[in-house]
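Quick note on UniProt numbering: the sequence shown kicks off at 1 and runs consecutively. Backbone N, C-alpha and C define an ideal beta-carbon position, used for all residues, glycine too. Quick caveat, the model's predicted, so the values are computed rather than measured. Right, one structure below, let's go through it.
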Amino acid sequence: MTIQTSMDEEIARIAQTVKVVAMVGLSPNEARPSWGVARYLQSCRIRVIPVNPGHAGGTILGEKVHADLASIPPEAGVQMVDIFRRSEAVGGIVDQALVHLRDLQVIWTQLGVRDDAAAARARAAGVTVIQDRCPKIEFPRFL
């Protein structure tokens, strides 16, 4: 099995099983890529919980915006964190996710975003990590 085949199998599993995503850095601006990806995920019947401290307490795409991952109630059942932030911010986000999200299965970073040390910490905790990819690009191949 090639690395690409293995990655495709992981992405297919994620696309077919994840139902709740916390999107860190989701913008209320419809022109921003994060908004388009969130809207796409919602069209796939995936709940997207916005995380953006600048808009906390408001709503984006019909969902309450949270200041950080720690403020999302455990009963929300977040399975995946999709990170729309710079690579430098990933480590802290991953660490917060590992502490506060009891149902966490996947850390996903968007195109151009990587933190291999944070990815290693997540994998050591049993969490699948996909870096430098976009679910709006990847999921249609498997849904």
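Whose C-beta lies closer than 6 Å to the C-beta of residue i among residues of the same chain, with five residues either side of it excluded?
{"i": "Pro74", "result": "Arg102"}
{"i": "Ala12", "result": "Phe142"}
{"i": "Ile93", "result": "Val24, Ile83"}
{"i": "Val114", "result": "Here the sequence assigns Arg to residue 114, which means Val is not the residue at that position. Ser87, Gln131, Asp132, listed in sequence order."}
{"i": "Val48", "result": "Val21, Met23, Ala38, Leu41, Gln42"}
Taking residue i as part of the alpha helix (DSSP H), name the residues at either end of that continuous run.
{"i": "Ala124", "result": "116–124"}
{"i": "Val99", "result": "87–100"}
{"i": "Glu138", "result": "135–138"}
Going by CA-CA distance only, name the one from the options that's closest to residue i.
{"i": "Ile130", "options": "Gln105, Pro140, Phe142", "result": "Gln105"}
{"i": "Val99", "options": "Ala122, Leu111, Val113, Gly36", "result": "Ala122"}
{"i": "Gln96", "options": "Pro135, Leu26, Ala22", "result": "Ala22"}
{"i": "Asp132", "options": "Asp116, Arg39, Leu111", "result": "Leu111"}
{"i": "Val51", "options": "Glu138, Ala67, Ala120", "result": "Ala67"}
{"i": "Ala56", "options": "Lys136, Glu9, Ile72, Met7", "result": "Ile72"}
{"i": "Ile60", "options": "Asp115, Ser27, Trp108, Asp116", "result": "Ser27"}
{"i": "Gly62", "options": "Gly54, Pro53, Gln42", "result": "Gln42"}
Could you pull the start and end residues of the beta strand (DSSP E) that residue i belongs to?
{"i": "Ala22", "result": "20–24"}
{"i": "Arg83", "result": "In the sequence as presented, Arg is not what sits at residue 83; that position holds Ile. That run of the beta strand (DSSP E) goes 80–83."}
{"i": "Ile107", "result": "106–109"}
{"i": "Val113", "result": "Run containing Val113: none; DSSP gives neither H nor E here."}
{"i": "Val129", "result": "128–130"}
Which residues in the same chain have their Cβ closer than 8 Å to the Cβ of residue i, if we skip the five residues on either side of it in sequence?
{"i": "Ala70", "result": "Gln96, Val99, His100"}
{"i": "Val37", "result": "Met23, Asp82, Phe84, Gln110, Cys134, Pro135, Lys136"}
{"i": "Val18", "result": "Ile46, Gln79, Met80, Gln105, Val106"}
Taking 7 Å as the limit between beta carbons, can you name the residues of its chain near residue i, skipping five residues before and five after?
{"i": "Phe139", "result": "Ala15, Cys44"}
{"i": "Gly77", "result": "Val20, Asp103"}
- Counting pairs of beta carbons, one from the region 70–88 and one from the region 19–36, are three or more of them closer than 8 Å? yes
- Item | beta strand (DSSP E) runs wholly inside the region 27–71, at least 3 long, in chain order | 47–51
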